[in-house]
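*Asks:* The listed protein sequences derive, respectively, from chains L and U. Per this note's numbering, residue 19 is the first one in the first sequence, and the count goes up by one each step. Per this note's numbering, residue 6 is the first one in the second sequence, and the count goes up by one each step. Cβ coordinates follow ideal geometry from the N, Cα and C atoms, glycine included.
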Amino acid sequence: MTDDKDVLRDVWYGRIPTCFTLYQDEVTEREAEPYYLLLPRISYLTLVTDKVKKHFLKVMKPEDVGEMWFEYEGTPLKWHYPIGLLFDLHASNTALPWNIIVHFKNFPEAELLHCLYKDTIEAYFMSCIKEADALKHKSQVINEMQKKDHKQLWMGLQNDKFDQFWAINRKLMEYPAEDLGFRYIPFRIYQVSFNIHVPILLQANLAGVASSERPFIQKLFRPVDADGQLQSLGDLLKDVFPIALTPEDGEKKFQVMIHGIEPLLETPMQWLSEHLSYPDNFLHISVIPQPTD
Amino acid sequence: MAAVTFPAVSGSWSKANMSAAAWKRHIIRQLKHRDRTQKYMYQDLIKSYNKLLERTKIFDPLNERLQVEFLNIFSDHLNSRLDVTSTVHRLEDPETLQLQHQKEVTKLEKTNGELAVQIYELGQNLQIKQKELEELQSRLKGVEGFFSGVVKRNVELHESVKKITCENTNIKQRYDELLKQHRTKEEELQKITNDLSEATAGIVKLKSLQADDMNNDNDRECQARWAKQLASAAAKVIDTTPKTVQCNEDTANTDEAPAVIRRAFRSASATFLSPIFTLKENILYKMRRVESLCDDFKGPSFVCWSSRLPTKALEIVEAHESDINAAKFSSISQTLATGGDDRIIKLWDVVAGRLESRTSLQRSSSGITSIEFDPTGYRILAASYEGAVHLWEVNACRPTYVLTGHRHKVTAAKFKSLYHQAVTGSFDRTLKIWDLNRGACTDTIQVSSYCSDVVSLEFLVISGHHDKKIRFWDCRTKVCTNEIPVEGRVTSLNVTCDHSQLLSCSRDDTLKVVDLRKMNCCRQTFRADGFKCGSDITKAIFSPDGSFVTAGSADGTLFVWNVKTGKLEASLAGQHSSCVNAVTWSTSGEYVVSVDRGKKAVLWSDY
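(1) Scan the region 111 to 162 of chain L and note each continuous alpha helix (DSSP H) run of 4 residues or more that stays entirely inside, going in chain order.
(2) Comparing the C-beta of residue 142 of chain L with each C-beta of chain U, is any distance below 8 angstroms?
(3) With DSSP run on the structure shown, which of helix, strand or coil describes residue 189 of chain U?
(4) How is the beta strand (DSSP E) around residue 302 of chain L delimited, first residue to last?
(5) Between the region 160 to 175 of chain L and the region 111 to 125 of chain L, do at least 3 Cβ pairs fall closer than 8 angstroms?
(6) Flag this pair as yes or no: are the beta carbons of residue 393 of chain U and residue 376 of chain U separated by less than 8 angstroms?
(7) For residue 540 of chain U and residue 554 of chain U, what's the separation of their Cα atoms in angstroms?
(8) Could you tell me whether the region 279 to 294 of chain L touches the region 124 to 133 of chain L, using the rule of 3 or more Cβ pairs below 8 angstroms?
(9) Expressed to the nearest angstrom, what Euclidean distance is found between the alpha-carbon atoms of residue 210 of chain L and residue 74 of chain U?
(10) Quick check: the region 291 to 299 of chain L against the region 83 to 92 of chain L, are at least 3 beta-carbon pairs closer than 8 angstroms?
(11) Got a sec: is the Cβ-Cβ distance from residue 54 of chain L to anything in chain U below 8 angstroms?
(12) When you compare each of L/175, L/199, L/233 to residue 208 of chain L by their alpha carbons, which one comes out closest?
(13) How would you list, in chain order, the residues of chain U whose beta-carbon sits under 7 angstroms from the beta-carbon of residue 34 of chain L?
(14) For the alpha helix (DSSP H) containing residue 287 of chain L, list its first residue and its last residue.
(15) Do residue 477 of chain U and residue 455 of chain U count as a contact pair if the criterion is CB distance below 8 angstroms?
(16) Nearest chain U C-beta to residue 100 of chain L closer than 8 angstroms, yes or no?
(17) Using the beta-carbon of each residue, which ones in chain L are nearer than 9 angstroms to residue 33 of chain U?
(18) What is the DSSP secondary structure of residue 54 of chain L, reduced to helix, strand or coil?
(19) Quick one: Cα of residue 298 of chain L to Cα of residue 71 of chain U, how far?
(20) Under the rule that 16 or more other beta-carbon atoms within 10 Å means buried, what is residue 592 of chain U, buried or exposed?
(21) What does residue 39 of chain U touch in chain L if you count any residue whose Cβ is under 9 angstroms from its own?
(22) Residue 219 of chain U by DSSP, collapsed to three states: which one?
(23) Can you tell me whether residue 99 of chain U is helix, strand or coil according to DSSP?
(24) Who are the neighbours of residue 48 of chain U on chain L, taking C-beta pairs under 9 angstroms?
(25) If you measure beta-carbon to beta-carbon, which residues of the region 69 to 93 of chain U are closer than 8 angstroms to chain L?
(26) Three or more beta-carbon pairs under 8 angstroms between the region 100 to 109 of chain L and the region 54 to 62 of chain L, yes or no?
(27) At 4 residues or longer, what runs of the alpha helix (DSSP H) sit wholly inside the region 21 to 55 of chain U?
(28) Of the residues U/550, U/378, U/441, which one's Cα is nearest the Cα of residue 504 of chain U?
(29) Shorter than 8 angstroms from the beta carbon of residue 284 of chain L to some beta carbon of chain U?
(30) Please classify residue 32 of chain L: is it buried, with 16 or more other beta-carbons within 10 angstroms of its beta-carbon, or exposed?
(31) For residue 361 of chain U, collect the residues of the same chain with a Cβ closer than 7 angstroms to its Cβ; drop the 5 residues on either side in sequence, then sort them by chain order.
(32) Quick one: what's got a C-beta closer than 7 angstroms to residue 300 of chain L's C-beta in the same chain, skipping five residues either side?
(33) Which residues of chain U have a Cβ atom closer than 9 angstroms to the Cβ of residue 51 of chain L, listed in chain order?
(34) Tell me whether residue 207 of chain U sits in a helix, a strand or coil according to DSSP, three-state version.
(35) Anything in chain U within Cβ reach of residue 263 of chain L, meaning under 8 angstroms, just list it in chain order.
(36) For chain L, find out if any of its Cβ atoms is closer than 8 angstroms to the Cβ of residue 176 of chain U; answer yes or no.
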């Protein structure tokens, strides 16, 4: 069991070294230096980038400052995806540190959501947790909790307090003794497109994958099959996204990545959901092309 | 933060445990590898970078200011350079040059002065600061001194605390000891109270026994009464049978008891036991009785030929439970009566040199002051504290009469020569004469002082008083015929058997003998070293033959004087430990009994 605890801790304390650079077209009084930061994988961009904003505001005139947004290699980064997911999806096989460009003007309305207050992030976070619990326990556990427990989950994430968060989250990871697992496993599978600038609208022969209306794959999936056998990651992919699996005779085309690692395909889904979920209780799975070198 | 517990592993896990390990291990490995490459390598680097960034941010404004100043200075310098070059062009005018030099000199002097002023001010400041420093140092020293004083005081206080705790423990020990003692004392007290309760139980038992005795006495008395009545009834029967007519006659004349008794007496003249006298029959009856018994009613019933001087004590008895005030030998036998503060008259027999207790008469309500036997030896007159005088038959359980009337302590009660009369003297300053047939007082003689003793002769009553006088009274006329003064309070009177001499004992420690025939002049005085009259009731007596006079002293010694020679014949000491109250000489002359305040009676004789 200590192994499992270690896994939870490693997942929580995962960090990505990032270098924030101000966009060269931004109007500055003096030259702005890049700001380096270790971003937590499990948090959200707008939650942890206050220092970045302060740093860059020093060199800018107040009238030039709009809402801050980030982009990487031309792709605006959605703040409502966890940072780890963004990195795995976009830059997992590139050189570290992760270079993010900071913008203060020309907010891309079509692609990004506004995030002017911390409350927005909290609302979104809690709604993800509720959705996950709806899948796992028919919302029974989350509805039994008091308001202060919900608050505690959010505070634990905001202040990076592992024990505080998991004191409540463990309740969400329990299942009744007569079952062998959750009702359904909450997961989302993301894929980056071959076309760098357009992360949406893939070719038609890749059926059932993300489109602009459905940026990720989320389906009902039972952790235990009809015979009482535990389902594994491979079973999930076979069920939902068979393209990602390596064909018998072919070469490995895709990497199935969670939290920056590739779990073996025989890993049980129930275990994965309990230990490798993000704080919003979802398993965010990235499918990225295998690096060639 | 609450301890985190993790979901339980269900049964199916154990089956998959071995294979589970492989993928889990893979994941763990992968996570560690990820962290190594992504986190650890960059952590320190980013931290130091950020620190440097902050520092440069601090220095930036400083830099700018310095730059600005530098620029200013540089521009000033440039300006001054310009001034110099402009003056170079006017070198050929020496006067203007001089003026300029002077201007510069004054400017420099001014600056000099300003600088000097500044130096002075700074020097002053320095001095002030030095003074302050010294002051602070001295204060510091003072504080240090105070502090060391406080430390010393602290040490002293610690020591005193230790001492006090020592004392406390000592006191506590003492307290524990005292507590133990207290407990033992309490146990003793408990024991003693138990003993006390047992003793009270014993006393209660004794008292109940006494009560039983009294009950028995009562019963006996009742039975005796019944027996008497039965006997009288029986006697009646005997008489009435032969002389029925006479009987009737007599019964017509005088009723019931007197006639019967007369008859009964006549027929049973040998037994003279029935003691009930009637008024009518008195004198005749007595005359007859006297003849038949050879009793001398006028004079003494016995004549003692010689009294023997006592030399040693035969027996010492604890006779009573309290002071013994009176003792008297019977006029006919060796029976002794003693009485005292315990309200009981005890009768003793002297048998073979020892005192044997016979009976006790217990009906008095207060202590006995004097006892007198009547010449027949069958009646006792006992005077008591509460003004009552009891007349007892020797073998009776209850007194025949209780003569009341005196209002104070009765000090003496004596039978008058006429048996049916008694005379009593009391502290209420009266002498009373009583009729013993009725139990009533016939005469009262007022005297002027407490009467302490009384003696009755045929027609004379002699009384001794607290006002140091002996008075003679004619009992027919109730008038005081003579008064003899003495030197101290009279405590007792006694006459010889032939009524010729009177002995008085008084508180000036002397005994006086007065010759009654020679018109009451004092014949002899007896004194002795060591003889002290111990109380107001000390009794001194003549021996039965009149040759000795004896009295008891305050220290318990018995003194005997010879009347003829007037000398002290014997002083017997060592038997009494307290004041001797009364002495009595047996009519046979053999024995002397003395009683004292210490409950003891001593029997003396000369063998």
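*Replies:* Based on what the coordinates show:
(1) 136 to 155, 158 to 162
(2) no
(3) helix
(4) 301 to 307
(5) no
(6) no
(7) 18 angstroms
(8) no
(9) 57 angstroms
(10) no
(11) yes
(12) L/233
(13) 43
(14) 287 to 293
(15) no
(16) no
(17) 21, 24, 25, 28
(18) strand
(19) 53 angstroms
(20) buried
(21) 28, 32, 277, 278, 279
(22) helix
(23) helix
(24) 33, 35, 56
(25) none
(26) yes
(27) none
(28) U/550
(29) yes
(30) buried
(31) 353, 354
(32) 146, 150, 204, 205, 206
(33) 58, 61
(34) helix
(35) The contacting residues do not exist; residue 263 of chain L stays about 16 angstroms from chain U at best.
(36) no
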